[in-house]
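Enquirer:
Residue numbers (my numbering): -10 to 204.
1. Can you tell me whether residue 35 is buried or exposed, with buried defined as 16 or more other CB within 10 angstroms of its CB?
2. On a CA-only basis, which of 202, 187, 198 and 161 is nearest residue 98? Give me that one, please.
3. Any contact of the segment 61 to 71 with the segment 85 to 101, i.e. 3+ C-beta pairs under 8 Å?
4. For residue 18, which three-state DSSP category applies?
5. Check the DSSP bridge columns for residue 156 and list the partner residues they point to.
6. Buried or exposed, going by whether 16 or more other CB atoms sit within 10 Å of the CB of residue 206?
7. If you reduce the DSSP assignment to three classes, tell me which class residue 9 lands in.
8. Which residue marks the beginning of the beta strand (DSSP E) containing residue 180, and which one marks its end?
9. In chain order, what are the residue ranges of uninterrupted alpha helix (DSSP H) at least 4 long that sit wholly in the segment 16 to 81?
10. Could you give the DSSP three-state label for residue 123: helix, strand or coil?
11. When you compare only the Cα positions, how much space is there between residue 57 and residue 119?
12. Find out if the Cβ-Cβ distance for the pair residue 19, residue -1 is shorter than 7 Å.
13. Which of helix, strand or coil does DSSP assign to residue 87?
14. Can you give me the C-alpha to C-alpha distance between residue 153 and residue 53, rounded to a whole angstrom?
15. Which residue marks the beginning of the alpha helix (DSSP H) containing residue 94, and which one marks its end?
16. For the pair the segment 168 to 175 and the segment 137 to 154, tell me if three or more CB-CB distances fall below 8 Å.
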């Protein structure tokens, strides 16, 4: 849980000895949590702050996202949903270990709620916090997502649905699933969250958009 966890990880043999699956100039895509950890370490080095504090000071606080934090150990756990998984006999059980590791803060440790995700959606749709041109670049197609019909921009997935372009991202960890997508043309966002491993949040999100875009 210390401030040096992220830097130790990106300098560890696991990361330093990793190899590229292909040349970036080939324009191919494969998801990589390591890429987010490295970016987070760069942000920390340039800003002189921990990645978590930088995000809190420059995103959460200005937007009023008071129920969002990347440092899970700072939270009142009585106010955080317990992660669940399905058992072999089709019952539900709490995951034994809460999925938190500070070394993976940039890719994995955000806790939030639907109220704050609505605030974030308004910021994204209004192109706040970042320059509008930055959002445009992030949403621009950079590669095709294999076996998926989607495209990838700068950390944003893009798909066409019912003639509209949608942009979003899923979140996955032990006992949790989340799906966040926006449709700028209609000024609409849908967030689906679950505290159950394997919950079909993306399918649910897409189904809601199907109903919405058909009206």
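Quick reminder that beta carbons are idealized off the backbone N, C-alpha and C, glycines included.
Expert: To lay it out plainly:
1. exposed
2. 161
3. yes
4. coil
5. 147 and 171
6. In this structure the chain extends from -10 to 204, so residue 206 is not present and cannot be described.
7. coil
8. 177 to 183
9. 22 to 36 and 40 to 44
10. helix
11. 19 Å
12. no
13. coil
14. 30 Å
15. 94 to 97
16. yes
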